[in-house]
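Here is the structure we will look at, set down as structure tokens.
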Amino acid sequence: MKTLIKNGTVVNATGVAAADVLIDGETIVAVTAPGSHLLGFNLEQNVDRVIDAHGKYVIPGGIDAHTHMEMPFGGTQASDTFETGTRAAAWGGTTSIVDFVVQYAGENVLDQYAKWHEKAAGNCAIDYGFHQILSDVQDSSLTAMDELVREGVSSFKLFMAYKGVFLSDDGQIVKAMQRSAENGSMMMMHAENGSVIDLLVQQSIARGDTAPYFHGITRPWQAEAEATHRAIMLADLTGAPLYIVHVSAKQAVEHIAAARDRGKNVFGETCPQYLYLSLEEQLGAPGFEGAKWVCSTPLRARAEGHQDHMWQSLRTNDLQMVSTDHCPFCMKGQKELGIGDFSKIPNGIGSVEHRMDLLYQGVVDGQISLSRWVEVCSTTPARMFGMYGKKGVIQPGADADVVIYDPNGHTSISVDTHHMNMDYSAWEGFEIDGHVDTVLSRGRVIIDDNQYHGSKGDGEFIKRGLSQYLI
Ligand code: DUC
Ligand code: ZN
Ligand code: ZN
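One rule links them: number in the working numbering = place in the sequence shown (from 1) + 878.
Structure, rendered in structure tokens:
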């Protein structure tokens, strides 16, 4: 099956150009000057399908490198399965995810890894890879790290918060980092000071401050900035590369930027919620409404300028990527677990369907350039996590994961129209000056004409290499 995408504007991280894209089977085989000719050969007459992308952007499919499909967490389970979550991602122009295999204390890492393969295999609409979460760092976890790197799982996430659930102490962190320095893998960190947060939460509940707003108050920016700095120091000690997930505090970015200025392999990701939403407006909504936006790290005070700082950091490359931390829960029966006690609200927001649109709105609003949009949403995730070449770029040899994005289209975000398995939208009422028109996953058209044409099981496991982003 040969497909020609003609008349479009190809946007790569490296630049923007009018070009035609020729796909053979699952692979991009040529990116040519417009006019559909290659060395005098008329392409249009020699393909099975022609897609006219006139007036539209042709971009590499989005890569969301931070999702938690069907994750058991907070006394319940994230409401999107691999099937529903990856289908929703496709609707939004994301063609690959990297999800987290969970290992809770006492569990065997490789057993958990096998379980996650069982959950995902045959169910995904788009390609998927895995990071591995480590909580307690057993000796067997260290050998498992080497084994997983060989399996194509080249990144490991540790938590400095959630005592008794995920938290690794500093000694365990150093142990895992030492191994990562040896085997070349990337260390990812949930950087919040868990002991301080646990104390503040206890005190808040005892005072009767139990509303969702206090989730934000009890996870102050100092707890994020301190943990970020500590993680950077521990990485420095061990020589491990470090990637800080879901950065929301400007003071945490400052630590990341300072480390990068010292030439360290330290990187940072933020999420759409930290670019757009705030402690005052969303977490502070009346009654129990704020539960919709309980996630960690928490939304920050707009009055303190965190959101503006996140956009600026994306422009200056103090932060390198935008992922969603997609971890959806319904209000009914899930978020409601925390009525009367915010600490029992399952932490998470669902955005896997909206990341490409929300970041494109940043282009329209003058926050980032068109190429930077593609870079932070697709190209850097591919480079950071060992997929580049196949993913993250429109070039010959790459997988034909292609999104045709209409800058003259419009998208209204609502629970009534989204495809995520959630009974509310954290983005209700957001209007986007653009639209995901057509999505190809390894050459197959899976979204077109506002219809889903794919099926579960289309997505394949991505065996990743080591990061191609290290200094
Ligand atoms: N933060 C969330 O909000 N949900 C999942 C885990 C996390 O770190
Ligand atoms: Zn986290
Ligand atoms: Zn997460």
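Glycine is no exception: its CB is placed at the ideal position from the N, C-alpha and C atoms.
Computed from a predicted model, the values in this text were never measured in an experiment.
In the three-state scheme derived from DSSP, where H, G and I count as helix and E and B as strand, HIS1068 is classed as strand. For ligand 1, no non-hydrogen atom lies closer than 7 angstroms to the CB of SER1229. Counting along the chain, the unbroken alpha helix (DSSP H) around SER1019 starts and ends at 1017-1029. For secondary structure counted as the beta strand (DSSP E) over 3 or more consecutive residues, the stretch 1073-1152 holds these complete runs in sequence order: 1120-1122, 1144-1148. Rounded to whole angstroms, ALA1039 and ALA1127 show a C-alpha spacing of 16 angstroms. Annotated three-state conformation of PRO1176 is coil, per DSSP. For VAL1123 and VAL928, the gap between their C-alpha atoms comes out near 40 angstroms. Those residues that have a beta carbon less than 6 angstroms away from any non-hydrogen atom of ligand 2 are, in order along the chain, HIS1068, VAL1123, HIS1124. Under the three-state reduction of DSSP, GLU985 is assigned to coil, being neither helix nor strand. No heavy atom of ligand 1 is found nearer than 7 angstroms to the CB of ASN1299. Annotation for PHE1008 indicates a beta carbon at 7 angstroms or more from all heavy atoms of ligand 1. For ALA895, the enclosing beta strand (DSSP E) has its first and last residue at 893-902. In the three-state reduction of the DSSP assignment, PRO912 falls in the coil class. Considering only PHE1166, GLY1337, VAL1172, the residue with the shortest C-alpha distance to LEU1157 is VAL1172.
Counting along the chain, the unbroken alpha helix (DSSP H) around GLY1240 starts and ends at 1233-1242. Between ALA943 and PRO1259, the CB-CB gap stays under 8 angstroms.
In this structure, DSSP gives GLU1309 an extended state, which the three-state scheme calls strand. Short of 6 angstroms from the beta carbon of ILE1227, and not among the five residues preceding or following it, lie these beta carbons of its own chain, in chain order: GLN1151, CYS1173, ALA1304.
With respect to ALA931, LYS993 sits apart: the two C-beta atoms are not nearer than 8 angstroms. Counting only runs of at least 3 residues, the stretch 1245-1329 fully encloses the following beta strand (DSSP E) elements, listed from N- to C-terminal order: 1280-1284, 1313-1319, 1322-1326. Straight-line spacing of the CA atoms in GLY918 and SER1319 works out to 29 angstroms. In this structure the stretch 1104-1122 touches the stretch 1061-1070; the number of beta carbon pairs closer than 8 angstroms is three or more. Residue range 880-890 is occupied by the beta strand (DSSP E) that includes LYS880. If you draw a straight line from the Cα of TRP1189 to the Cα of ASP926, it comes to about 42 angstroms. Boundaries of the beta strand (DSSP E) around LEU1036: 1033-1037.
When distances are taken from the beta-carbon of HIS1296 to the heavy atoms of ligand 1, even the shortest one reaches 7 angstroms or more. Contact between the stretch 1243-1263 and the stretch 1182-1198 is present, with at least three C-beta pairs closer than 8 angstroms. In this structure, VAL909 and VAL899 form a Cβ contact; the two beta carbons are roughly 6 angstroms apart against a cut-off of 8 angstroms.
Distances from the CA of GLY963 to each of PHE1207, ARG1261, ARG1097, GLN1056 were compared; the closest alpha carbon is that of PHE1207. Proximity to THR959 across ASP1336, GLY970, VAL1293, HIS946 peaks at HIS946, based on C-alpha coordinates. In the structure shown, PHE1220 adopts helical secondary structure according to DSSP, grouped into three states. Look at THR1202 here: in three-state DSSP terms it is coil, with no helix or strand label. TYR1347 carries a coil assignment under DSSP once its states are collapsed to helix, strand and coil.
Taken from the Cβ of ASP1203, at least one heavy atom of ligand 1 lies inside 7 angstroms. For LEU882, same chain residues with a beta-carbon under 8 angstroms away, outside a window of 5 residues either side, are ASP898, VAL899, LEU900, ILE901, SER914, LEU921, GLU922, VAL925, ARG927, VAL928, ILE929 in chain order. Distance from the C-beta of CYS1173 to the nearest heavy atom of ligand 1 is below 7 angstroms.
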